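*Asks:* Could you have a look at this structure, given as structure tokens, before my questions?
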Amino acid sequence: MAAAKVLHRGASLLRTRFLIQAPRARLDWQNQVPSGRGGSEMHGKPRCFRQGLAFSVLSYLGYETYVLISRSSVVKADNQSDILDKADYLYESGETEKLCHLLEQYKNSENAELLWRLARASRDLAQLGQTSPEKKKVLTYEALDYAKKALEKDPSCFAVHKWYAICVSDVGDYEGIKTKIANAFVIKEHFQKAIDLNPKDATSLHLMGIWCYTFAEMPWYQSKIAAVLFATPPSSTYDEALQYFQKAEDVEPNFYSTNLLFLGKTYMKLNNRKMALLWLTKAKERVVHTEEDKQVQKAAQELLNSL
288 MAAAKVLHRG
298 ASLLRTRFLI
308 QAPRARLDWQ
318 NQVPSGRGGS
328 EMHGKPRCFR
338 QGLAFSVLSY
348 LGYETYVLIS
358 RSSVVKADNQ
368 SDILDKADYL
378 YESGETEKLC
388 HLLEQYKNSE
398 NAELLWRLAR
408 ASRDLAQLGQ
418 TSPEKKKVLT
428 YEALDYAKKA
438 LEKDPSCFAV
448 HKWYAICVSD
458 VGDYEGIKTK
468 IANAFVIKEH
478 FQKAIDLNPK
488 DATSLHLMGI
498 WCYTFAEMPW
508 YQSKIAAVLF
518 ATPPSSTYDE
528 ALQYFQKAED
538 VEPNFYSTNL
548 LFLGKTYMKL
558 NNRKMALLWL
568 TKAKERVVHT
578 EEDKQVQKAA
588 QELLNSL
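Here the sequence shown stands for residues 288 to 594, numbered as in our numbering.
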């Protein structure tokens, strides 16, 4: 889904709190290979081409379908394919609440494609600023339940593994430190599975890079706690992180401002000033679409000033 437009909600990334927020989706009507960020995460299913074409046609028709959608808080769909198309369209449009209303009707579905989308929608709703802390916790655990069910129904879908990992990470805020660290192993396992199933998904590669970067820079006192709790605590290196960030960029160049920033930050950690300058400059000069892009631009400038 390399983008015709990037939506307004960006990603906060995994830190030492083991919290991941996935990048928001972007559409690419020319790219027939699903990249795994959002609506067309279809694991190579033939409906991807039709869906991309349908969205392209909508753009020429003045988004007539969207007008119909926005007249109702709950969108009705005649069949499963329509449900997925409308869910993806609402996701791309940033209509989180309407998307939840649509998909909650199918929370007892046996279809993994519906379930992982419901997991994603639930966690997106949890992240909205107006969502109360109490409701956020409920939605976070509901999202994990939906993702877990999706995983049971179709473990061969890369998007299922990615969103399951993200949802596992989200519940870390409500669990103790031991569970957080244990979850880190689970998160890595499912990101790796997503990559194995779809090596062309730039976002899964990026998130694995964030996982590696997080544990490469883990403070010594946290490493000590992890070592006490686990015989072999999670660990990584900046070299490993760099490999994933670079692979993500190779798969889909300039797909995500934060990936550019982390390439620069990782080269800084590896004391490669020349390459750090290159990637931080790219992050600073990338066209701004979202609030996250603005934050990335600012961070890149600050790091450039420090070099």
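Glycine is no exception: its CB is placed at the ideal position from the N, C-alpha and C atoms.
These numbers come from a predicted model, not from an experiment.
#1: Rounded to a whole number of angstroms, what is the C-alpha to C-alpha distance between S544 and K552?
#2: Straight-line CA distance for D411 to T383?
#3: Can I474 and V455 be called in contact, C-beta distance under 7 Å?
#4: Please identify the residue among T577, S593, H576, K571 whose C-alpha is closest to the C-alpha of K585.
#5: According to DSSP, is S396 part of a helix, a strand, or is it coil?
#6: Would you report the Cα separation of Q582 and W507, rounded to the nearest angstrom?
#7: Assuming contact is defined by CB atoms lying nearer than 7 Å, are W450 and W403 in contact in what I supplied?
#8: Helix, strand or coil for C444, going by three-state DSSP, please let me know.
#9: Curious, which full-length alpha helix (DSSP H) runs of at least 4 residues does the stretch 404–491 contain?
#10: What's the gap between the Cα of G459 and the Cα of A528?
#11: For R560, does the count of other Cβ atoms within 10 angstroms reach 16, so buried, or fall short, so exposed?
#12: Give the secondary structure of L539 by DSSP, where H, G and I count as helix, E and B as strand, and everything else as coil.
#13: In the structure shown, what three-state DSSP assignment does R573 receive?
#14: What three-state label does DSSP hand V583 in the structure shown?
#15: How is F517 classed by DSSP in three states: helix, strand or coil?
#16: Got a sec, what are the start and stop residues for the alpha helix (DSSP H) T553 sits in?
#17: When the Cα atoms are used, what is the spatial distance from G381 to I468?
#18: Can you say whether E421 is buried or exposed, counting buried as having 16 or more other CB atoms within 10 angstroms of its CB?
#19: With DSSP as the reference, label T501 as helix, strand or coil.
#20: Are the Cβ atoms of L386 and Y378 separated by less than 7 Å?
#21: I'd like to know if K475 contacts chain D, where contact means its C-beta is closer than 7 Å to some C-beta of that chain.
#22: CB A503 to CB Y531, shorter than 7 Å?
#23: State the Cα-Cα distance for the pair Q509 and Q588, rounded to the nearest angstrom.
#24: Give me, in chain order, the residues of the same chain whose beta-carbon lies closer than 8 Å to that of R573; leave out the 5 immediate sequence neighbours on both sides.
#25: If F445 and G496 are in contact, beta carbons under 8 Å, what's the gap, nearest whole angstrom?
#26: Using only alpha-carbon positions, find the residue among P442, L516, K487 that is nearest to A471.
#27: Who are the near neighbours of L401 in its chain, counting only those whose CB is closer than 6 Å to its CB and skipping five residues on each side?
*Replies:* The structure says:
#1: If you draw a straight line from the Cα of S544 to the Cα of K552, it comes to about 13 Å.
#2: Rounded to whole angstroms, the separation of the alpha carbons of T383 and D411 is 7 Å.
#3: A Cβ-Cβ contact shorter than 7 Å links I474 with V455.
#4: For K585, the nearest C-alpha among the options comes from K571.
#5: S396 falls in the coil class under three-state DSSP.
#6: Distance between the alpha carbons of Q582 and W507 is about 28 Å.
#7: W403 is positioned such that its CB atom lies closer than 7 Å to that of W450.
#8: Note: C444 maps to coil in three-state DSSP.
#9: With a minimum length of 4 residues, the continuous alpha helix (DSSP H) runs that stay inside the stretch 404–491 are 420–440, 445–457, 464–484.
#10: Each residue's alpha carbon lies about 22 Å from the other.
#11: R560 is exposed by the Cβ-count criterion.
#12: Note that residue 539 is Glu in the sequence shown here, rather than Leu. Three-state result, E539: coil.
#13: Three-state result, R573: coil.
#14: Judged by DSSP in its simplified three-state form, V583 adopts helix.
#15: In the structure shown, F517 sits in coil (DSSP, three-state: anything other than H, G, I, E or B).
#16: Element bounds for T553: 544–556.
#17: Straight-line measurement puts the Cα of I468 at about 32 Å from the Cα of G381.
#18: E421 is exposed by the Cβ-count criterion.
#19: Note: T501 maps to helix in three-state DSSP.
#20: Closer than 7 Å, so yes.
#21: Among the chains of the structure shown, chain D does not appear; only one protein chain is present.
#22: No. Outside cutoff.
#23: If you take the alpha carbons of Q509 and Q588, they lie about 29 Å apart.
#24: Counting only Cβ-Cβ distances below 8 Å, and skipping sequence neighbours, we find N541, S544, L547, D580, V583, Q584.
#25: Contact check for F445 and G496: beta-carbon distance about 17 Å, past the 8 Å limit, so the pair fails to qualify.
#26: Distance check between A471 and each of P442, L516, K487 places L516 closest, using alpha-carbon atoms only.
#27: Non-local beta-carbon contacts of L401 in its own chain, meaning distances under 6 Å to residues more than five positions away in sequence, involve Y393 in chain order.
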